[in-house]
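First to last, the protein sequences are chains A, B, C and D.
Numbering-wise (this note's numbering), the first sequence opens with residue 112 and increments by one.
Numbering-wise (this note's numbering), the second sequence opens with residue 604 and increments by one.
Numbering-wise (this note's numbering), the third sequence opens with residue 24 and increments by one.
Numbering-wise (this note's numbering), the fourth sequence opens with residue 15 and increments by one.
A virtual CB, placed ideally from N, CA and C, is assigned to each residue, including glycine.
Just so you know, these numbers come straight off a predicted model, no measurement behind them.
Below is one structure, written out as structure tokens, with a few remarks after it.
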Amino acid sequence: MAASVRARSLLEVRNLKVALPAHADRPFAVNDISFDIGKSEILCIVGESGSGKSLTAAAIMRLLPRSVSIAGGSIHLDGTDLLALSRTQMRELRGRRISMIFQEPMTALNPLMRVGRQIEEILEAHTDLDQRQRTERVLELMHAVELPEPGQLRHAYPFRLSGGQRQRVMIAMALALDPVLLIADEPTTALDVTTQKQILALIKRIQSRMGMGVLFITHDFGVVAEIADRVGVMQHGHIVEMGPAMELLNAPRHAYTRKLIAAVPRLEPRPTEEGETDDMLRANRLSKTFVTGGGLFMRRRVVRAVRDVELVVHEGQTLGVVGESGSGKSTLGRLLIRLIEADGGEVTFAGKDFLHASSRALRALRPKIQMIFQDPYASLNPRRKVGEIIADGPRAHGAARAEALEQARRLLTLVGLDAGALDRYPHEFSGGQRQRIGIARALALNPRMLIADEPVSALDVSVQAQVLDLLNDIRRRFNLSMLFITHDLRVAAQVSDRIAVMRLGEIVEMGPTADIFLRPRHDYTKELLDSIPGRKWVAPALFAD
Amino acid sequence: MQRLQFIAQRVVKGIVVLLGIIILNFLLIRMAPGDPASVMAGEAGAADEVFMSQLRKEFGLDRPLHEQLAVYVKNVVTLDLGYSYRQQRPVADLLLERVPATLLLTGTAFLLSLVVGVLLGILAASRVGQWSDSLVTVIALFFYATPIFWVGLMGILLFSVTLGWLPSFGMYTVGGKLTGAAFALDVLHHLILPAITLALFHMAVYARMTRASMLEMRDQDFVRTAHAKGLREGRIVRIHVLRNAILPVITMAGVKAGYLIGGSIVVETVFAWPGIGRLAFETVMQRDYNLLLGVFILTSFMVIAVNLITDIIYSFVDPRIELGQ
Amino acid sequence: MPTKRFLTPLALSAMLLLLPGAPADAQQPQRGGTLSSIISPEPPTLMIGISQTTPTAIVAGKIYESLLRYSTDLKPMPGLAKSWEISADGRTYTFRLHENVKWHDGQPFTAEDVVFTATKYLIEVHPRSRPIMQRAESVTAPDRNTVVFQLKEPFAPFIMAWEPSTAPIVPKHIYDGTNYRNNPANQTPIGTGPFKLQEWVRGSHIHLVRNDEYWQPGKPYLDAIYYRVLPDAGARVVAMETGQTHLSAFADIETFEVPRLKALPHLELTTKGYEYLAQMVWLDFNLRNPPMNDRRFRQAVYYAMDRDFIRDRIWFGLGKIATGPIHSSIPHYDANVPKYPLDLKKSEQLLDEMGLKRGADGVRVRVTLDALPYGDIYKRLAEYTKQALARVGIEVTIRTSDVAGWGDRVRNWDYEMTHQVLSQLGHPALGVSRLYITSNIRKGVLFSNVNGYTNPRIDELFGKAAVAVEPAEIQAMYSEIQRILVEDVPVAWLLELEFPTFINKQFRNVITSGIGVRDNFADVHMVRQ
Amino acid sequence: MTGMEGLRDFWQRYRRNKGAIVGLAVLVLVLATALLGPTLFPGNPWDMAGAPFQKPFDPEFPLGTDTLGRDILMGIVHGARVSLLIGFVATFAAVSLGVILGSVAGYYGGLVDDLLMRFTEFFQTIPSFVFAIVLVAIFTPSIASIVAAIAIVSWPPVARLVRGEFLTLRTREFVQASVVLGRSSRHIIFVEILPNAVSPIIVAGSLMVATAILIESSLSFLGLGDPNMMSWGFMIGSARTVLRTAWWMSFFPGLAILLTVLALNLVGEGLNDALNPRLTREGR
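Here is the structure:
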């Protein structure tokens with residue numbers, strides 16, 4: 112990168128402070144940070160939740176939530192002091208000079224307005240173009256972001272579009288007036304991995320073609336490796352380390368950066384456990400079709416969520432089920448544990464017919480197969496104490512209260528929590544801690560098998576590593592079998608003995624982890640693997656300090 | 604096509620509900636002590652066996668209950684609402700006579716409450732925390748908590764008796780021999796007090812809802828997007844916030860349609876407004892079975908119709924709604 | 024053959040002088056003007072033959088006429104009959120009809136219409152008229168304008184049964200041979216009265232217009248009458264105050280508003296015009312059940328009721344304290360009967376005597392009282408009764424229901440105590456005896472002897488009095504009836520009702536008879552001011 | 015978090031809404047009147063203690079007397095108990111019915127849900143006040159029939175609300191966890207789901223008490239009140255015709271209704287803010 116470009120930055124942020132409201136846990140969300148973005152440069156700000164990275168982006172746009180405010184510092188865009196501008200001046204700048212795209216394409220578009228109109232609106236606000244010219248420009252923009260059939264699609268409402276298409280509409284809007292700076296706040300987090308790849312490529316392509324500066328906010332080091340020129344790492348409102356992307360990714364200096372990078376699951380398939388063991392769980396021709404609507408005049412909607420799935424989980428082994436959203440992997444997990452009743456097929460668990468077990472037989476089998484859920488916030492009843500939650504299973508199966516609580520105490524220690532947690536409520540714990548409580552609950556019945564549905568996808572990367580370690584440890588210690596559902600191939604590689612790849616309700620490929628990763632046979636598997644962000648970057652072997 | 608299907612389906616559903624209402628109410632009012640003959644005897648201050656049995660026979664009350672029900676249901680299915688023996692006229696005529704007055708009253712009150720309520724809600728939401736917001740909130744709460752008849756009586760006291768600006772009862776100047784525009788103005792003059800009385804409570808409901816909904820919407824992601832696009836504040840409020848915020852208000856308006864008819868009973872009594880609401884009350888008291896059932900059918904039909912209209916409007920406003928879902 | 028004869032002009036002019044509000048220097052009435060009156064509740068129909076409700080009588084009284092009207096002291100006055108004769112044996116009644124009377128549809132009115140009405144129509148549909156008309160052995164029309172009633176036995180009250188709501192004359196050419204109740208003509212009433220139905224907007228108003236062909240030349244004076252349906256009592260007061268309506272009657276105006284309205288310069292108050300109806304309110308005991316079957320209990324209740332309070336605080340001075348079964352305005356009233364002044368001590372003494380001792384909570388006995396469903400004032404009467412009887416240890420639970428529910432309970436004898444109010448219809452034999460004679464204990468019939476009072480002596484006296492001819496003899500029998508009944512207290516008579524009629528002073532000659540606002544208003548006229 | 019802390023936390027959030035504090039104060043006053051009033055003002059509110067139509071602000075009858083000379087202040091004090099009783103009992107009945115039907119519909123879904131919702135729709139289609147009038151008229155006006163009628167016309171919104179909550183909560187992972195643990199439906203409905211649906215039910219209930227009091231007053235206005243119970247609605251109903259002559263007879267009970275309903279609404283809003291922190295109007 113030429114020094115002349117650096118000499119005069121596009122964006123200069125100096126000593127920025129963003130104050131939180133009085134009753135928050137700390138006074139400043141963003142505390143004294145400074146950075147620059149050069150023309151045609153992509154700066155990634157990476158950090159875990161609560162680090163202040165999104166508020167930094169919002170502060171530059173001057174679109175902070177009402178309760179927070181800028182408490183100091185300066186922001187200059189091309190020499191203009193943004194904080195000194197009047198509201199009207201700032202409004203004129205937005206969309207024209209700086210644009211922004213957001214994380215949730217689902218909610219970032221007005222649901223009641225056709226997408227073409229939403230793009231056109233920005234032209235109306237900032238240009239003198241007439242109706243015809245605007246329409247032309249809208250089509251041009253939609254074409255530029257590679258939306259199919261712009262002529263028709265512009266008349267569609269957002270809910271008709273896929274997540275990726277919606278994000279493309281957002282990008283088209285952001286680029287409408289050739290801004291000099293694009294702020295992207297986790298723009299691919301809510302997208303599937305294959306879509307994410309396309310969007311990242313699109314942003315990069317447009318950025319280099321138009322020579323924009325980009326501030327890219329993310330929590331994913333894979334994405335960073337994919338797109339960043341330079342990287343800043345944020346923690347508790349501070350930028351703890353900043354530097355060129357490859358330098359920082361491969362040789363992080365600050366302890367926190369090292370810890371984060373160490374926690375990124377390595378894309379190295381785990382060796383499959385030795386020896387064929389007995390089947391713990393076997394599914395044959397398992398199917399589920401959802402029918403909505405119906406009735407006298409209603410049009411029926413039929414979704415074949417799971418089609419003729421065959422799979423085996425061996426005793427003491429982990430089967431990873433990977434797939435994108437809508438692939439039916441979560442439905443599969445729920446079918447296997449009979450949270451949903453299957454339409455057809457067979458499930459044998461520990462040699463017994465599980466799918467057709469009578470409710471009495473099912474009750475007896477329940478303790479042996481337990482589940483760990485995705486959302487640490489939704490999986491614990493907020494109205495019950497942690498002790499009661501963990502003791503609930505044994506209590507349901509007849510254990511005395513004192514005994515069950517005593518066991519809960521032991522389990523809490525096992526999952527690395529203080530026994531004092533027993534008398535507290537879930538909301539007093541962090542996401543990682545809650546996930547540990549969820550694991551303790553599942554273990555309370557001494558199961559032989561666990562079904563884990565995206566157990567770490569809602570967690571920050573450092574916490575994710577700890578929980579994965581815990582799961583691995585427990586699995587080994589109790590010789591548990593596990594079905595591990597995830598969309599994250601890095602995670603799957605790390606935990607699975609064998610992997611099943613799902614797509615549109617079907618398992619397209621299944622085999623030992625190494626085979627899947629190194630010798631994928633199915634095209635879709637190949638596409639998935641190819642889409643893993645930062646797949647070419649091999650995280651350095653580091654030990655967290 | 605899909606919309607037609609949807610309407611057809613809702614109509615069928617509505618008919619089923621109506622049939623249920625007919626049967627339930629038919630049985631319910633027959634459980635009550637007394638019948639139209641005893642009411643007429645009671646009012647006349649004279650009666651004998653001949654009189655009572657003549658009336659019963661004439662009203663068909665001498666036949667077994669299930670037979671009466673079967674006859675009634677059969678008639679209703681052929682759109683024959685029967686005959687009010689008390690008033691000596693077909694029920695359909697009696698109802699049709701009263702419908703315009705009630706539609707005028709409730710329709711005006713509905714529009715008034717919706718328009719003014721939403722406007723007040725917008726005003727309050729756009730001035731959150733300022734005195735005008737507090738004022739709107741306090742007024743809304745006040746009307747929300749005041750019995751409707753009380754508002755009506757106070758209105759009469761102030762505007763009719765003390766100030767003499769507005770007539771206190773009736774729908775038009777009887778014997779005024781007015782026609783055309785003058786007649787319309789006269790009706791409007793009579794309409795002001797009752798319509799406002801009926802509207803105030805609902806106005807409060809909509810104002811509160813609009814305010815809350817606007818405040819919720821303006822924190823939505825797509826509003827942030829609109830800001831990021833550099834749109835003017837006015838346009839954001841009008842196009843992005845308001846249109847989305849109005850959706851729950853529309854739903855509420857549909858739900859409240861039945862309450863409007865309920866409220867009109869009281870308002871029509873206070874203002875001697877010749878509508879269905881008062882007829883409903885009087886027919887209960889008079890055990891005018893056929894007429895009462897007719898009132899139930901009509902008012903329930905009105906509620907079903909309003910709900911259907913609301914749903915259709917909703918489906919136009921909100922493209923996400925798949926009709927029939 | 025001695026005859027009694029009243030001549031029209033004499034009677035009228037004598038009456039006009041007596042009437043309140045009629046200016047002494049009555050100017051010649053002028054044509055024109057529109058009267059706007061309150062009507063509440065809305066009448067169910069205007070066919071006065073099939074509905075005997077007061078609102079129907081008020082409105083239809085302008086459309087239909089009967090043979091006679093009655094003065095405020097209940098003397099018969101000419102109606103469709105210009106004169107009448109009663110034979111000395113009291114069995115033959117001869118009515119001579121006005122000539123040139125036309126129905127509203129232009130057809131001539133004749134004696135045949137009267138014969139049809141009396142022999143067919145009323146007997147078929149009219150519960151109150153039926154027993155009277157059935158007393159006729161024959162009804163004949165010797166010529167177009169004469170009708171002769173030959174009674175099976177003498178019945179002195181027969182002459183009192185000819186006002187419009189008791190015996191409306193209906194057109195034979197429309198009703199003969201049809202189903203009287205379902206005749207479509209009931210929607211478009213055809214009468215002989217001074218006003219015709221123009222329009223009835225249900226729920227709003229009834230519009231009557233002048234009958235230009237009316238048989239009394241030059242009358243009526245008014246061009247039109249509007250009856251405004253005003254269901255809310257508050258609205259009715261406002262309407263009278265602001266001059267939006269000109270006339271209110273019966274219970275249109277709540278009693279406590281009377282002093283205020285009376286003071287308004289544009290309104291005039293009269294309580295005349297209700298003499299024929301002579302309504303009385305009483306507390307009715309179901310004599311089949313203890314403790315009501317014990318005379319001492321009923322007397323105790325009577326002693327505990329402060330009837331001055333009822334008159335002054337509930338009716339605000341309107342009305343007279345009733346002394347017995349017969350209203351003081353109708354014939355054969357006798358004030359010389361035992362009295363039941365407020366006397367709590369005596370009341371308690373009677374109850375003690377019965378063995379109804381006060382319990383720990385001070386209650387001797389509990390009874391249910393069905394409140395009359397005819398308006399707020401009767402609710403207040405029920406509330407007062409509850410409080411009054413609580414003082415002597417009788418705990419009353421009030422039960423309210425609508426007309427249908429109340430009527431069903433009372434006529435089926437399924438009550439303990441209730442208030443009742445009823446008209447005496449100009450004569451004890453028409454409106455009083457029906458409540459006390461054994462033969463009228465008829466389950467399922469309202470306004471019969473519902474409380475089940477039986478006394479052979481009373482039965483005998485009422486029976487004889489009705490057919491007696493000699494006035495002194497008749498009076499003696501009615502006096503004895505009153506003494507016996509008052510001693511027995513089959514019901515506790517509370518008040519002879521007076522109703523406030525408010526008239527806007529622009530209108531004159533509104534109340535000219537004992538049937539008051541139910542009369543035909545042919546003489547009402549407006550004065551220019 | 016202990017119960018005390020929870021309560022303190024709740025109070026912290028509740029306290030932020032100034033209107034809710036005012037509402038609570040008024041409501042406490044009304045409740046105290048209802049509980050202690052008859053002790054502080056012993057006597058019978060039906061006693062025709064003075065001359066009728068006595069104007070208010072008189073030392074003997076501070077709020078005047080009614081058409082029969084009954085003390086209005088006494089009536090309001092004693093009526094508080096009846097009006098609140100009607101409000102609370104009717105609400106309790108409606109909420110119970112709504113919760114049972116709503117939770118069954120929401121939890122079991124499918125055909126059961128469909129049937130129950132059609133049933134609910136049916137009750138929502140009949141204009142509720144008309145229906146209430148018919149019920150009260152038919153079963154003769156008494157405190158029991160009034161309460162029953164109010165409950166019968168009021169439960170559908172609760173059923174819908176509860177059903178909605180159950181539909182969402184049923185898919186929550188902690189509920190699924192309970193299924194996987196082998197818990198019975200009864201346990202799941204009452205221990206896992208219902209406590210989490212309680213906040214919106216409480217909020218809806220507090221508003222329903224207000225509505226019930228208003229419905230009772232409207233019924234009384236039409237002459238369908240219980241003549242043996244001195245309620246505020248009854249006082250207004252019996253005084254409405256005297257409005258022109260004696261404003262105080264309906265004004266003071268009207269004011270009592272207004273204040274109580276207002277207080278209930280404010281408290282309802284405060285509860286909403288405190289119980290559903292997601293929806294707080296903080297920063298608005």
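So for residue i, helix, strand or coil by DSSP?
| i | result |
| --- | --- |
| B:Arg606 | helix |
| A:Gly549 | helix |
| B:Asp696 | helix |
| A:Glu123 | strand |
| A:Arg456 | The question names Arg, but residue 456 of chain A is Gly in the sequence shown. Reduced to three states, the DSSP call for A:Gly456 is strand. |
| B:Ser716 | helix |
| B:Thr709 | helix |
Do residue j and residue i have their beta-carbon atoms positioned less than 8 Å apart in this structure?
| i | j | result |
| --- | --- | --- |
| C:Leu404 | C:Ile333 | yes |
| D:Leu175 | D:Gly116 | yes |
| C:Leu553 | C:Gly537 | Because chain C spans 24 through 552 in this model, residue 553 of chain C falls outside it and cannot be assessed. |
| D:Val63 | D:Asp80 | The sequence shown places Ala at residue 63 of chain D, not Val. Not in contact: D:Ala63 and D:Asp80 (Cβ atoms no closer than 8 Å). |
| C:Arg534 | C:Thr293 | Just to set this straight, residue 534 of chain C is Ile in the shown sequence, not Arg. Cβ atoms of C:Ile534 and C:Thr293: closer than 8 Å. |
| B:Ala929 | B:Met817 | Only positions 604 to 928 of chain B appear in the structure, and residue 929 of chain B is not among them; the question remains open. |
| B:Ile864 | D:Pro141 | yes |
| B:Leu803 | B:Val754 | yes |
If contact means a Cβ-Cβ distance below 9 Å, which residues of the segment 253-265 of chain D contact chain C? For the segment 253-265 of chain D, the set of residues with a beta-carbon nearer than 9 Å to any beta-carbon of chain C comprises Arg254, Thr255, Val256, Leu257, Arg258, Thr259, Ala260, in chain order.
Cβ contact check for the segment 371-381 of chain A and the segment 638-655 of chain A: 3 or more pairs under 8 Å: Under the three-pair Cβ rule at 8 Å, the segment 371-381 of chain A counts as touching the segment 638-655 of chain A.
Complete runs of the beta strand (DSSP E) confined to the segment 266-321 of chain A [at least 3 residues]: Listed in chain order, they are 292-296.
Residues in the segment 247-278 of chain C having any Cβ partner in chain B nearer than 8 Å: From the segment 247-278 of chain C, only Ala247, Tyr249, Arg251, Val252, Leu253, Pro254, Asp255, Gly257, Ala258, Val261, Ala262, Glu264, Thr265, Gln267 have a Cβ closer than 8 Å to chain B.
Given 8 Å, three or more beta-carbon pairs between the segment 170-183 of chain A and the segment 339-354 of chain A: Per the Cβ contact rule, the segment 170-183 of chain A is not in contact with the segment 339-354 of chain A (fewer than 3 Cβ pairs under 8 Å).
Stretch pair the segment 850-861 of chain B + the segment 123-135 of chain D: three plus CB contacts closer than 8 Å: The segment 850-861 of chain B, when compared against the segment 123-135 of chain D, does not touch it at the 8 Å Cβ threshold.
Under 9 Å (Cβ pairs) to chain B, residues found in the segment 135-146 of chain D: Listed by position, the residues of the segment 135-146 of chain D near chain B (Cβ gap below 9 Å) are Glu135, Phe136, Gln138, Thr139, Ile140, Pro141, Ser142, Phe143, Val144, Phe145, Ala146.
Decide if the segment 388-405 of chain A is in contact with the segment 445-461 of chain A; the criterion is three or more beta carbon pairs, one per stretch, under 8 Å apart. Contact holds: three or more Cβ-Cβ distances are below 8 Å.
Would the segment 869-889 of chain B and the segment 769-782 of chain B be scored as touching if the rule is three or more Cβ pairs under 8 Å? The answer is yes - the segment 769-782 of chain B touches the segment 869-889 of chain B, with three or more Cβ pairs under 8 Å.
For the segment 218-249 of chain D, which residues have a CB atom closer than 9 Å to at least one CB atom of chain C, in sequence order? So the list reads Gly237, Leu238, Gly239, Asp240, Pro241, Asn242, given in the order they occur along the chain.
Scan the segment 153-171 of chain D for residues whose Cβ lies nearer than 8 Å to a Cβ of chain A and list them as they occur along the chain. Flagged: no residues at all.
Between the segment 220-250 of chain C and chain B, which residues of the former have a C-beta closer than 9 Å to a C-beta of the latter? If the cut-off is 9 Å between Cβ atoms, the segment 220-250 of chain C has Val224, Arg225, Gly226, Ser227, His228, His230, Ala247, Tyr249 near chain B.
Which of the residues in the segment 558-573 of chain A, read from start to end, lie with their CB under 8 Å from any CB of chain D? Answer in chain order: no residues at all.
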